[in-house]
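Take a look at the structure set out below.
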Amino acid sequence: MNKTLLILRHEFLHMIKRKGFVILTLIVPILALLGIGIFQLVSPGEPSVVETTTIGYVDEAGGFDRYTTQGYIELMRFSTQDAATAALIIGDVYEYFVIPSDYLSTGAINRYTMERQLEIPPSISTAIKNFLTSNMLADKVPPETIYRIETPIDLVTTRLTETGEVATEQGGYGNVIIPAIFGLLLALSLQAASLYMVQGLGDEKESRLIEVLLSSVSPRQLLTGKVLGLGAAGLVQVVVWLASLLLLLNLASSTIGGFFSTIQLPANFLVLGIIYFVLGYILFAALSAGVGAISSSARDGQPITMLYALLVFIPIWFASLLFIFPDSPIWTVLTIFPITAPIEVMLRLGVAGIPTWELVTSLAVMVLSILGALALSVKAFRIYLLMYGKRPAWGEIIRNLRSG
Amino acid sequence: MLAVEVNHVVKSFVDKVAVDDLSFSVAQGEMFGLIGPNGAGKTTTIRMMMDILKPDSGEVTILGEKLNESTKNKLGYLPEERGLYKKLKVMDSIVYLASLKGVDRHSATEKANELLNQTGMSAGKNKKIEELSRGMGQIIQFIVTIVHDPQLLVMDEPFAGLDPVNTELLKGMLADLRKQGKAIILSTHQMNRVEELCDRILMINNGQNVLYGDLGEIKARYRGNALLLDVEGELGEIPGVTGKRVHKGYMELILDGKTIPQQVLTHLINRGMVINRFEVATPSLNEIFLKEVGKKA
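Keeping their order, the protein sequence lines are chains A and B. Heads up: the first sequence runs through residues -5 to 398, numbered per the working numbering. Heads up: the second sequence runs through residues 2 to 298, numbered per the working numbering.
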């Protein structure tokens, strides 16, 4: 077997056996499964066994005596507040409210409950609102109008393509959620991959194993094998994640429904997700190989790795701005800049899509950066290979790389 | 074909010239000693032979070729400071590093088993490297160095840190390899090992050749005009002897420039003296080393 492939295989196997890698790879499906499980536990049971809730009211303003059934909520009238309080204490009513005599001029409604709540449950406030509206409008407008006033719009948006046809992707948060989760995971994973690379090279330098390796293979074979080995491990990780996201999404939309059934994957997401993930992995591995080359030990190299490993999070920090201003040229820059590209592309795929030219440029820049980073790393490796002491100054490194 | 040929090699680092116009050769089937004080340039020379470093000028030829991937497969290198993948098992380490030397898994495993048996290490083959003692780790590293049946072996301080049993084991294995026609380069501070094992030596200091050639010839060259003698009875005056140093159990006679040991022996026999020891004093390599290095310093 080709020596580069042997190193690739060794590094790949070494990587996928690492505890950190296994945990990061499996944590996604496990957490998602747990999430679905917990939701099932805490969510109310079957909708068919929904109970009606009775709430009381005291009508001091007068005229509020009809429409006492609002969905699952029954409204029970009390003539005095004392009677209502007594009913609340013995549990006849869940809560009660008072419509004061000056309600029409102030709009104030006093609500009394024994529950400690962060906010008024929406079902209750809607029921009270509709009860008041219906009574006030009764006999003045037709019942259909009352209903329409209570629920004035059901906004249905349809996105059209340039040819006027209905677009396949209809937008909305359901479209963003998977790319956003995936982008965050990608960022974490790239950071971990960088640290592993620096750690591995640092260990080999510290143990001098590097000399044995280089008496067998060239620096180019060694670094290419290592970088591609990490890339292969990245591919395994992304496939596990994407497969489990898809399976769990199906599970969630069939069991939980609601928002989950609106989640959809942007077009090309799977293909681009895998391409950017693997390229990102390889780019970060190549950069870290360079850091490993100029560092005397793993501990020496890690702070430098953190510099670009933090840059990877930039698209996530500014994601909320992306949702508000999806057309800013800043996103184009972040899409083409290779370190931020993988995550920016994932986020933009979900929000508004990316023009083809940007994708092509971004991929080309990424591949060129990988080749450049690898070439520089090999060069730095030759120069600083046997430097076991202090890391040289940056000026010296740049001079040395120039002179070769 | 020579195993190694180094021609006028120069290598400098930022602050100093590590190897300065060095030339030497090592024949196949030869045990060659590379000696010199710390910082003399031994390791740099070895790294250039292993293609880890490129010389600034000059040429290194290994087994008749400039270093390339196929010659690298015929090299075995034991660096001075050792280490293997700590978390990897002994057998996996040996097989992986052998595969990088172009040996397939099956043959590597077979050969590794054979060497582990030979060194009494087969019980530990499924242990992780980090579970081994330092000496055991060193034996494993030695196995890694020879498992691919290299034609040229370069060993930097191979005996450092080994106990007497393992030292003997290693010496025996090196002797076997040499019998098989491998060229072996030993780089060490332990002059007694070099004297014991090597045919020829290169002594370097400050990156330059100080002494180079057949060990016996070099020692003969440094042979002083002194005799080691143990006789019964009073020695008395002997013509041609200018000085006398008494040691425990023997004395050292310093001859003048014109007298040869044979004349002294004849004189003693003619006097009818009982001689227990008569030896032409040959300096140890250590003494030569100290003398040469001291001279340059």
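Where is the CB? At the ideal position from N, CA and C, for every residue including glycine. Owing to the predicted nature of the structure, the values given are computational and were not obtained by experimental measurement.
If we call anything under 9 Å between Cβ atoms a contact, is residue i one with residue j?
| i | j | result |
| --- | --- | --- |
| B:Ile185 | B:Met32 | yes |
| B:Ile47 | B:Met204 | no |
| A:Phe482 | A:Val221 | Outside the displayed span of chain A (-5 to 398) sits residue 482 of chain A, for which this structure offers no information. |
| B:Lys12 | B:Leu54 | yes |
| B:Lys172 | B:Glu196 | no |
| B:Leu117 | B:Val96 | no |
| A:Phe240 | A:Ile337 | One point to set straight first is that residue 240 of chain A is Leu, not Phe, in the sequence displayed. No, the pair does not count as a contact, with Cβ atoms beyond the cut-off. |
| A:Gly196 | A:Arg293 | yes |
| B:Ala370 | B:Gly225 | The requested residue 370 of chain B is not part of the displayed model; chain B covers only 2 to 298. |
| B:Glu132 | B:Gly121 | no |
| B:Leu153 | B:Lys75 | yes |
| A:Leu131 | A:Ile143 | yes |
| B:Asp157 | B:Pro56 | no |
| B:Ala221 | B:His149 | no |
| A:Leu243 | A:Ile172 | yes |
| A:Leu343 | A:Leu316 | no |
| B:Gly1 | B:Leu3 | This structure does not reach residue 1 of chain B, given that chain B is present from 2 up to 298, and the question cannot be answered. |
| A:Thr329 | A:Ile348 | yes |
| B:Gly138 | B:Arg83 | yes |
| A:Gly50 | A:Arg71 | yes |
| B:Asn34 | B:Ser285 | The question names Asn, but residue 34 of chain B in the sequence shown is Gly. Their beta carbons are not under 9 Å apart, which means B:Gly34 does not touch B:Ser285 by this criterion. |
| B:Phe290 | B:Pro262 | no |
| B:Val242 | B:Asp257 | yes |
| A:Val206 | A:Thr(-2) | no |
| B:Met192 | B:Asn287 | yes |
| A:Leu273 | A:Val327 | no |
| A:Leu178 | A:Leu18 | no |
| B:Ala41 | B:Gly208 | yes |
| B:Met252 | B:Leu229 | yes |
| A:Ala78 | A:Val92 | yes |
| A:Tyr190 | A:Arg12 | yes |
| A:Leu82 | A:Tyr106 | yes |
Using DSSP bridges, identify the partner residues of residue i.
| i | result |
| --- | --- |
| B:Leu23 | B:Val10 |
| B:Asn210 | B:Ile205 |
| A:Arg105 | A:Phe91 |
| B:Ile36 | B:Met204 |
| B:Ser188 | B:Leu35 and B:Asp157 |
| B:Ala28 | B:Leu3 |
Between residue i and chain C, is any beta-carbon pair separated by less than 9 Å?
| i | result |
| --- | --- |
| A:Arg110 | In the structure shown, chain C does not exist; the protein chains are A and B. |
Q | Unbroken stretches of the beta strand (DSSP E), 3 residues or longer, contained in the region 118 to 145 of chain A | A | If we require 3 residues or more, the region 118 to 145 of chain A turns out to have no beta strand (DSSP E) run fully inside it.
Q. At what residue ranges does the region 171 to 203 of chain A contain a whole run of the beta strand (DSSP E), taking only runs of 3 or more?
A. Fully enclosed beta strand (DSSP E) runs of no fewer than 3 residues are not present anywhere in the region 171 to 203 of chain A.
Q) When Cβ atoms are compared, which residues of the region 226 to 252 of chain A fall closer than 9 Å to chain B? A) Residues of the region 226 to 252 of chain A with a C-beta less than 9 Å from any C-beta of chain B: none at all.
Q.
Does the contact criterion of 3 or more C-beta pairs under 8 Å hold for the region 290 to 308 of chain A versus the region 317 to 324 of chain A?
A. No, the region 290 to 308 of chain A is not in contact with the region 317 to 324 of chain A.
Q.
Three Cβ pairs or more, each shorter than 8 Å: is that satisfied between the region 257 to 276 of chain B and the region 229 to 239 of chain B?
A. Cβ pair count under 8 Å is three or more, so yes.
Q: Would you mind listing the alpha helix (DSSP H) stretches within the region 292 to 330 of chain A that are 4+ residues and don't spill past its ends, in chain order?
A: Listed in chain order, they are 292 to 305, 308 to 311, 313 to 318 and 323 to 330.
(Q) Short of 8 Å Cβ to Cβ, which residues in the region 365 to 376 of chain A face chain B? (A) So the close ones are Arg376.
(Q) Please list, in chain order, the residues of the region 97 to 110 of chain B that have any C-beta partner in chain A closer than 7 Å. (A) So the close ones are Tyr97, Leu98, Ser100, Leu101 and Lys102.
Q: Taking only beta carbons into account, state which residues of the region 79 to 92 of chain B come closer than 9 Å to chain A, listed in chain order.
A: For the region 79 to 92 of chain B, the residues whose beta carbon sits under 9 Å from a beta carbon of chain A are, in order, Leu79, Pro80, Glu81, Glu82, Arg83, Gly84, Leu85, Tyr86, Lys87, Lys88 and Leu89.
Q. Between the region 207 to 225 of chain A and the region 279 to 287 of chain A, do three or more beta carbon pairs fall short of 8 Å?
A. The region 207 to 225 of chain A, when compared against the region 279 to 287 of chain A, does touch it at the 8 Å Cβ threshold.
Q) Of all the alpha helix (DSSP H) runs that stay within the bounds of the region 223 to 295 of chain B, which reach a length of 4 or more residues? A) Along the length of the region 223 to 295 of chain B, whole alpha helix (DSSP H) runs at least 4 residues long occupy 262 to 271, reported in chain order.
Q. Given 8 Å as the limit, is there contact between the region 361 to 369 of chain A and the region 344 to 353 of chain A, that is, 3 or more CB pairs closer than that?
A. Counting C-beta pairs with one atom in each stretch, the region 361 to 369 of chain A and the region 344 to 353 of chain A have fewer than three that are closer than 8 Å, which means they do not touch.
(Q) Pairs of beta-carbons, one from the region 113 to 130 of chain A and one from the region 63 to 70 of chain A, closer than 8 Å: are there three or more? (A) These segments touch.
Q. Counting Cβ pairs, one atom from each stretch, are 3 or more of them under 8 Å apart for the region 81 to 96 of chain A and the region 22 to 30 of chain A?
A. The way I'd put it, the region 81 to 96 of chain A doesn't touch the region 22 to 30 of chain A; fewer than three beta-carbon pairs between them come closer than 8 Å.
Q: Report the residues of the region 146 to 159 of chain B with a CB closer than 7 Å to any CB of chain A, ordered along the chain.
A: For the region 146 to 159 of chain B, no residue has a beta-carbon sitting nearer than 7 Å to a beta-carbon of chain A.
Q) Residues in the region 182 to 205 of chain A with C-beta within 9 Å of chain B's C-beta atoms, listed in sequence order? A) If the cut-off is 9 Å between Cβ atoms, the region 182 to 205 of chain A has Asp197, Glu198, Glu200, Ser201, Arg202, Leu203, Ile204 and Glu205 near chain B.
Q. Which residue spans inside the region 54 to 90 of chain B form an unbroken beta strand (DSSP E) run of at least 3?
A. Within the region 54 to 90 of chain B, the runs of beta strand (DSSP E) that reach at least 3 residues and sit entirely inside it are, in chain order, 58 to 63 and 76 to 79.
Q: Report the residues of the region 45 to 74 of chain B with a CB closer than 8 Å to any CB of chain A, ordered along the chain.
A: Within the region 45 to 74 of chain B, the qualifying residues are Arg48, Met51, Asp52, Ile53, Leu54, Lys55, Glu70, Lys73 and Asn74.
Q: Scan the region 14 to 87 of chain A and note each continuous alpha helix (DSSP H) run of 4 residues or more that stays entirely inside, going in chain order.
A: List check, alpha helix (DSSP H) in window: 75 to 84.
Q: Give the residues from the region 298 to 329 of chain A that approach chain B closer than 8 Å (Cβ to any Cβ), ordered along the chain.
A: Taking 8 Å as the Cβ-Cβ cut-off against chain B, none of the residues of the region 298 to 329 of chain A qualify.
Q: Anything in the region 265 to 280 of chain A with a Cβ closer than 9 Å to a Cβ of chain B? List those residues in chain order, please.
A: Of all residues in the region 265 to 280 of chain A, none has a Cβ within less than 9 Å of some Cβ in chain B.
Q. Counting only runs that start and end within the region 95 to 168 of chain B, where is the beta strand (DSSP E) found for 3 or more residues in a row?
A. List check, beta strand (DSSP E) in window: 153 to 157.
Q: Can you give me, in chain order, the residues of the region 265 to 292 of chain B that have a beta carbon less than 7 Å from any beta carbon in chain A?
A: If the cut-off is 7 Å between Cβ atoms, the region 265 to 292 of chain B has nothing near chain A.
Q) What residue ranges within the region 224 to 283 of chain A form continuous alpha helix (DSSP H) runs of no fewer than 4 residues, ordered along the chain? A) As summarised for the region 224 to 283 of chain A, the continuous alpha helix (DSSP H) elements at least 4 residues long and confined to that stretch are 253 to 256, given in chain order.
Q: Could you please tell me which residues of the region 172 to 188 of chain B, in chain order, have their CB closer than 7 Å to any CB of chain A?
A: The region 172 to 188 of chain B vs chain A, Cβ under 7 Å: nothing.
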